[in-house]
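>
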Amino acid sequence: MLNWLHTTARLLTTSVVGRAMESHTQIDSTNVRALEWASQGAPHGATVIAEKQTAGRGRYGRPWVGGDGESLLFSVVVRPAVDPGRFGLIPLAAGLAVRDACESLPGLPAPRLKWPNDLLVQGRKCAGVLVESVIPAGAPPWAVVGIGLNVNQTGFPDPVADRATSLRLASGRPIARPLLFAELLASLEERLNQTDAQPEGLVEAYLRALHGIDNKVLFRHPDGTESEGILRGISASGALRVERDGREEVFSAGEISLSGIPQT
Ligand code: BTN
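In the working numbering, the protein residues as written are 51 to 314.
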């Protein structure tokens, strides 16, 4: 086990998330390993963490690069009790959990969420979440929630230098990863439970954290086409509500960029 994880283990308050844990100094991708572990029967909450990834995965096939020894790079197996209609809330629950764990860090300006689950601090991306779902025939769906949180970086290379930040850069203080990781696992457990027990509360909390509400957004569909509209919120199932030409449209997959407010 990575040395500093002994401190996390002492501080951990969860029932299941992070109780089964695998750690690596280097791996291709914690998501890939968690998907493999889950397909071999890893339980709900099983967690894979690495100090360094050689093939970190981002959304839409993009790479997730860097953060060696300075980030939290980890993936959690999620076997939800939720009915499949609420499966779409898992990515939002994960984003909200990251926000929860960071929001009371001393000196940190209020973190916000860019739909579906980028963590923004002062308009710059501080964390990304990649949820990979598996829907087996005749068996309950499950997912791997992969989180990359920039913690102690003191700078970023081009081309992301002016779009990325870390908790350290934004708060002006170095952050203790062992405690933050324990808090993040706890908030993830809580938000995942809420997905099942109180989805309306989850949606309300998410809307309070959502960046850009009632602003103009450019919506990029998964096929690469784009449309403009006004961000109006999210639906009960976690889809984005966008007003276009006076009519509301609902999108369950894609990305947004915001105009008129800080870009990411
Ligand atoms: C995004 O594109 O914003 C999502 C990035 C998710 C990166 C994390 S790092 C830990 C986990 N393992 C991966 O390969 N990807 C996720």
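Beta carbons: idealized from backbone N, C-alpha and C, even for Gly.
Computed from a prediction, not measured in an experiment: that's the story for all the values here.
If residue 318 sits next to residue 81, beta carbons under 8 Å apart, how far is it from one beta carbon to the other, in whole angstroms?
As shown, the chain starts at 51 and ends at 314. That puts residue 318 outside it, with no answer to give.
> In angstroms with no decimal places, state the Cα-to-Cα distance between residue 72 and residue 62.
Computed Cα separation, rounded: 15 Å.
> Whole-angstrom Cβ separation of residue 128 and residue 177, contact assumed at under 8 Å?
Wrong, their Cβ atoms sit about 17 Å apart, outside the cutoff.
> Does the Cβ of residue 245 have 16 or more other Cβ atoms within 10 Å, making it buried, or fewer, making it exposed?
Burial call: buried.
> Determine the DSSP secondary structure at residue 270, reduced to helix, strand or coil.
Residue 270 falls in the strand class under three-state DSSP.
> At the level of alpha carbons, what is the spacing between residue 252 and residue 262?
Straight-line Cα distance between these residues: approximately 18 Å.
> Which runs of the beta strand (DSSP E) spanning at least 3 residues fall entirely within the region 79-153, listed in chain order?
Runs of the beta strand (DSSP E) inside the region 79-153: 97-100, 121-128.
> Does the Cβ of residue 203 lie closer than 7 Å to at least one heavy atom of the ligand NAP?
Absence of the ligand NAP is noted for the structure shown, with the ligand BTN being the only ligands found.
> To the nearest angstrom, how far is the alpha carbon of residue 213 from that of residue 205?
Whole-angstrom Cα-Cα distance: 11 Å.
> Tell me whether residue 257 is buried or exposed, calling it buried when 16 or more other Cβ atoms sit within 10 Å of its Cβ.
The residue in question, residue 257, is exposed, as its Cβ has fewer than 16 Cβ neighbours within 10 Å.
> Applying the criterion that 16 or more other CB atoms from any shown protein chain within 10 Å of the CB defines a buried residue, is residue 95 buried or exposed?
Answer is buried; the Cβ neighbour count reaches 16.
> Using a threshold of 7 Å, is the CB atom of residue 79 nearer than that to any non-hydrogen atom of the ligand BTN?
Yes, the beta carbon of residue 79 sits closer than 7 Å to at least one heavy atom of the ligand BTN.
> Suppose the cutoff is 8 Å on Cβ atoms and the five residues either side in sequence are ignored; what does the same chain contact list for residue 211 look like?
Closer than 8 Å at Cβ, skipping near neighbours: 205.
> Closer than 8 Å is the cut-off here; do at least three beta carbon pairs connect the region 286-300 with the region 128-142?
Because the criterion of three Cβ pairs below 8 Å is met, the region 286-300 and the region 128-142 touch.
> Measuring alpha carbon to alpha carbon, tell me which of 187, 130, 179, 156 ends up nearest residue 167.
The shortest C-alpha separation from residue 167 is found at 179.
> For residue 164, count the other beta carbons within 10 Å of its own beta carbon; 16 or more makes it buried, fewer makes it exposed. Which is it?
Buried, by the Cβ-count rule.
> Could you tell me whether the region 268-278 touches the region 88-104, where touching means 3 or more Cβ pairs closer than 8 Å?
The region 268-278, when compared against the region 88-104, does not touch it at the 8 Å Cβ threshold.
> Looking only at DSSP bridge pairs, what is residue 74 linked to?
Residue 74 pairs with 100.
> When DSSP labels each residue in this structure, what does residue 255 get in the three-state scheme?
Helix at residue 255.
> What does DSSP give as the partner residue(s) for residue 178 in the beta ladder?
Residue 178 pairs with 198.
> Where does residue 227 fall in DSSP's three states?
Helix at residue 227.
> At what residues does the alpha helix (DSSP H) containing residue 69 begin and finish?
Note, residue 69: premise wrong, no alpha helix (DSSP H); not H, not E.
> Going by DSSP in three states, residue 170 sits in which element: helix, strand or coil?
It is a strand residue.
> Mind checking residue 150: buried by the 16 CB within 10 Å criterion, or exposed?
Its Cβ being crowded by 16 or more others within 10 Å, residue 150 is buried.
> Residues bridged to residue 240 by DSSP?
For residue 240, which the question treats as bridged, DSSP gives no partner whatsoever.
> Between residue 79 and residue 283, what straight-line distance do the alpha-carbon atoms span, to the nearest angstrom?
The straight-line gap from Cα to Cα measures roughly 32 Å.
> So the alpha helix (DSSP H) residue 219 belongs to, where does it begin and stop?
Counting along the chain, the alpha helix (DSSP H) containing residue 219 begins and ends at 217-221.
> DSSP three-state call for residue 315: helix, strand or coil?
Not covered by the structure: residue 315. The range shown for the chain is 51 to 314.
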